[in-house]
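Working notes, beginning with the structure itself.
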Amino acid sequence: MVTLKDLLVLIVVYVYVFAVIGIGEGLRRWRGLKPEFTRKMIHFFAGDAILFCPLFDTPQLIPIVPLTLGILIFFTTPRSPIGSLRSMFNVMAREEDYATGHIYGPFYYIVSVGVIVAAFALPLGAAYWPLFT
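For the sequence shown, numbering that gives the first Met the number 0 gives the first residue as 0, with consecutive numbering after it.
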């Protein structure tokens, strides 16, 4: 059963991830740094969202975060009809990503996080990884 606490933690995780991206991009623009700076900020801090996992009462909800972020990143292209997805592409893209039209590095990263989190969060014979119990 999904609790109010689960929903609040879910919201906090999304706010945290997008705050890391927004703060990184804001600092980059303010200081006149290269786009590489925002990517480094994301590398350093976005993965820390996994630290919120023990706060969930229902561990089966945890894989929802990487699943939805993976879908969002998959549709982040320079030709997206949604302006914020186009700007997100520019924040995270490398030179070779402009040629392919997709940001595969972040996509593969979030997929790998999703697989790992799902392996530990989903029940296997009613036994969870001790961190989630």
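Idealized CB from N, CA, C, for every residue including glycine.
Counting only unbroken stretches of 3 or more residues, no beta strand (DSSP E) element lies wholly within the segment 11–50.
The Cβ neighbour count for Leu68, taken over all protein chains shown within 10 Å, is at least 16; the residue is labelled buried. In summary, Ala118 is exposed, with fewer than 16 beta-carbon neighbours lying within 10 Å of its beta-carbon over all protein chains present. In the structure shown, the three-state DSSP call for Met87 is helix. Under the 8 angstroms Cβ criterion, the segment 1–17 does not count as touching the segment 30–38, having fewer than three qualifying pairs. A Cβ-Cβ distance of about 11 angstroms is found for the pair Phe88 and Thr99, leaving them out of contact under the 8 angstroms criterion. Under a 10 Å Cβ-count criterion, Thr37 is classified as buried, with 16 or more other Cβ atoms of the shown protein chains found around its own Cβ.
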